[in-house]
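First up is the structure itself, then whatever we jot down about it.
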Amino acid sequence: MEINLTVNEKIRKVDVDKNTPLLWVLRDTLHLVGTKFGCGVGQCGACSVHMDGVITRSCLLPVSIVGDAKITTIEGLSEHNNHPVQLAWREIDVPQCGYCQAGQIMTASALLKQNNSPSKEDIKDAMHGNICRCATYQRIEKAVEKAVELTQTTK
Ligand code: FES
Ligand code: FES
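Heads up: the sequence shown is residues 7 to 161, going by the numbering used here.
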């Protein structure tokens with residue numbers, strides 16, 4: 007089935023089975039491999055992307071359901087890898103193996119979009135579904151707090 011998707015502000019035409027999870031269309035068809043496969047059942051957050059700005063697990067989403075919604079992947083989060091969350095992540099040196107990190111960054115950036123001054127609890131709540139097998143959780147929390155600071159000082 008031919009489907010038009012809006013990914014990272016570009017219209018992309020794909021020819022795939024309508025039930026293919028968006029994750030595999032992003033990775034295998036569009037070669038946007040920053041979005042990762044972790045569990046495939048909505049439990050880890052590695053596959054997180056934004057759909058109209060809202061955090062979405064792409065491993066569970068049949069591509070035919072996306073419709074006109076705008077998909078943003080880690081590759082399209084910012085033009086020069088300079089989204090406040092990305093800057094904070096570098097400053098705090100969050101990643102260890104890196105596998106979960108795109109999902110973490112997409113989740114944190116979706117939180118900041120909805121709430122530019124989240125409390126510690128808001129941050130914990132937003133991030134708690136993103137698993138990191140290297141247990142970088144403390145650095146993730148610090149980096150989200152740093153990103154909030156950067157967002158507020160660059161206003
Ligand atoms: S791969 Fe989608 S939530 Fe784990
Ligand atoms: S940095 Fe290794 S899984 Fe999170």
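Where a beta carbon is used, it is the ideal one built from N, C-alpha and C, also for glycine.
Partner residues in the beta bridge of Thr62, as assigned by DSSP, are Val55.
Around the beta-carbon of Ala108, 16 or more other beta-carbon atoms lie within 10 Å, marking it buried.
When secondary structure is reduced to three states using DSSP, Lys24 falls in the coil class, being assigned neither helix nor strand. Straight through space, the alpha carbons of Asn121 and Glu155 are spaced by roughly 13 Å.
Spatial neighbours of Gln110 in its own chain (CB-CB distance under 6 Å, excluding positions within 5 residues in sequence) are listed in chain order as Asn136 and Ile146. DSSP assignment within the segment 90-129 yields the following whole alpha helix (DSSP H) runs of 4 residues or more, N-terminal first: 90-98 and 107-120.
DSSP places Glu85 outside both helix and strand once states are collapsed to three, so it counts as coil. Following the DSSP letters along the chain, one finds Glu147 inside the alpha helix (DSSP H) bounded by residues Tyr143 to Thr159.
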